[in-house]
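Note that this note's numbering numbers the sequence shown so that position 90 is 95, with each residue one more than the last.
All residues carry an ideal CB built from backbone N, CA and C; glycine is no exception.
Everything on this sheet refers to the single structure shown next.
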Amino acid sequence: MTTLVYLSGYSPQLLEQVQQLIETKKLGEYLTNKYPEKHNITTEKTLYNYIVDLQRKYIKKTPVISKVAYDKNIHSVHNALGLHTFVSRIQGNNLKAKNEIRIARVFRSAPLAFLRMITIHELAHLKEKDHNKAFYQLCCHMEPNYHQLELDMRLYLTHLDLVGSVYN
């Protein structure tokens, strides 16, 4: 039986279904049928524009994002898939604040839906710092299918760990 690291906390029935997909080698097929293509947002400039467009559309009254990056270390170092940071620095008599969003590099070649889900998650942290009810309501406001995308993204990461990319 495979250890399903990304799916801890889900129901035993769901874990059993996932285990069956893995054993019958159909998890990749499920993912490619549901998400047939990866996106083309591969540079940090296009990622920045993508994130700022989502921010303008859904949460206008949030701080400006000063930096966006695909981070190769984020997954292994922080055990996370995205990070939002708020950095304050004193410059002369002024206090400068910067908001940064870093997305795990694994999303550079993932389906757009998964990049959107992780981006929305990090954008929601600009308004709600904790993973509370208001946070998830905001995520669902920006992406009504948020919870299904989160599950499918976890299935995608499981497949990556077990087999490798579903997109060659």
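It is roughly 49 Å from the alpha-carbon of L160 to the alpha-carbon of N98.
Boundaries cannot be given for V10, as no alpha helix (DSSP H) includes it and DSSP labels it neither H nor E. In this structure, the alpha-carbon of E28 lies about 46 Å from that of P68.
In the DSSP assignment, Y75 falls within the unbroken beta strand (DSSP E) covering 70 to 76. Beta-bridge partners assigned by DSSP to A109: D76. For N54, the secondary structure class from DSSP, reduced to helix, strand or coil, is helix.
Taking a C-beta distance under 9 Å as the contact criterion, S71 and E105 qualify as a contact pair.
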